[in-house]
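Please read the structure below before turning to the comments.
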Amino acid sequence: MKNLNCDKMILAIFQDDQYDEVVSDLNAHGFYATILHSTGGFLKKRSVTVMTCVNHERLEEVMTLMKKYGERVENLFSPVFGGADPATDAPATIQVPARCGGVVLFVLDVDQSIRF
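In structure tokens form, the structure reads like this:
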């Protein structure tokens, strides 16, 4: 799994339940990956940022692999509003459809990559 002449870094943000398959697929094709766990903003869902560094000649290959895991689906989301329901004293909620899943890719130029 040599990754010489790394000149591009991909930061790919996936939902938490997708990252294991993505990393396995990347590894099977000879790419290293580093995982950062985080929480998304709007839906406050767990997410994972997969970081991988590649040579520009293999950039499209990695992006194609990651795109396979980028299917977006519509789920119902229940945001909590500030006011409480007077009958139950519970926070008021309503179900709102929201598109979830998918992948967000950031491709960055790398000036130098060193591995010790």
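Here this note's numbering is used: the sequence shown runs in plain steps of one and ends on residue 123. Don't be surprised by glycine CBs; every beta carbon is placed ideally from N, CA and C.
Annotated three-state conformation of S54 is strand, per DSSP.
F38 and I101 have their alpha carbons spaced roughly 43 Å apart. Beyond the five residues adjoining it in sequence on each side, V29 comes within less than 7 Å, by CB distance, of F21, V57, M73 and Y76 in the same chain, given in chain order. I121 is not a Cβ neighbour of V61, given a cutoff of 9 Å. Residues of the same chain with a CB within less than 6 Å of the CB of N12, apart from the 5 flanking positions on each side, are N62 in chain order. Within the model, the alpha-carbon separation for L115 versus T59 is close to 10 Å.
The secondary-structure analysis by DSSP pairs V111 across a beta bridge with I20.
Residue burial is scored here from C-beta neighbours: V111 has fewer than 16 other C-beta atoms within 10 angstroms and is therefore classed as exposed. In the DSSP assignment, S120 falls outside any beta strand (DSSP E) and carries neither an H nor an E.
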